Amino acid sequence: MLKRLLSILFFSAAGYVVFQNRYKVMNMILGNAMLRRIAVTSMMGIPGVRSRMMRTVFSGPSEFN
Numbered sequence: 001m002l003k004r005l006l007s008i009l010f011f012s013a014a015g016y017v018v019f020q021n022r023y024k025v026m027n028m029i030l031g032n033a034m035l036r037r038i039a040v041t042s043m044m045g046i047p048g049v050r051s052r053m054m055r056t057v058f059s060g061p062s063e064f065n
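Reading the sequence shown from the start, the letters are residues 1 to 65 in UniProt numbering.
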């Protein structure tokens with residue numbers, strides 16, 4: 001019981017710290033070529049993200065130009 005409570009507390013604290021430093025974490029991940037490749041590959045594996053990205057990249061001329 002105590003071990004489980006400590007695990008929950010630890011992961012909550014770690015999640016809070018990562019959330020507070022999320023832009024630094026993203027810069028660290030995207031600054032490394034290998035981690036960037038893994039991040040992009042995994043994000044493109046999500047169907048909703050992939051379709052939205054393809055629609056944005058390969059859409060016609062924007063009406064806001």
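We put the beta carbon where it would ideally sit given N, CA and C, even for glycine. In this text, all values refer to a predicted model and were calculated from it rather than measured experimentally.
So what's residue i in DSSP terms, helix, strand or just coil?
i	result
M1	coil
G45	coil
N21	coil
S59	coil
N32	coil
From residue i to residue j, what distance separates their C-alpha atoms?
i	j	result
I29	N21	12 angstroms
Y23	M1	35 angstroms
G15	S51	29 angstroms
A13	I38	26 angstroms
M53	K3	43 angstroms
R36	V57	19 angstroms
If you drop the 5 nearest sequence neighbours on each side, which residues of the same chain put their C-beta closer than 7 angstroms to that of residue i?
i	result
V17	none
R43	The amino acid at residue 43 is misidentified as Arg; the sequence shows Met. Contacts found: V49.
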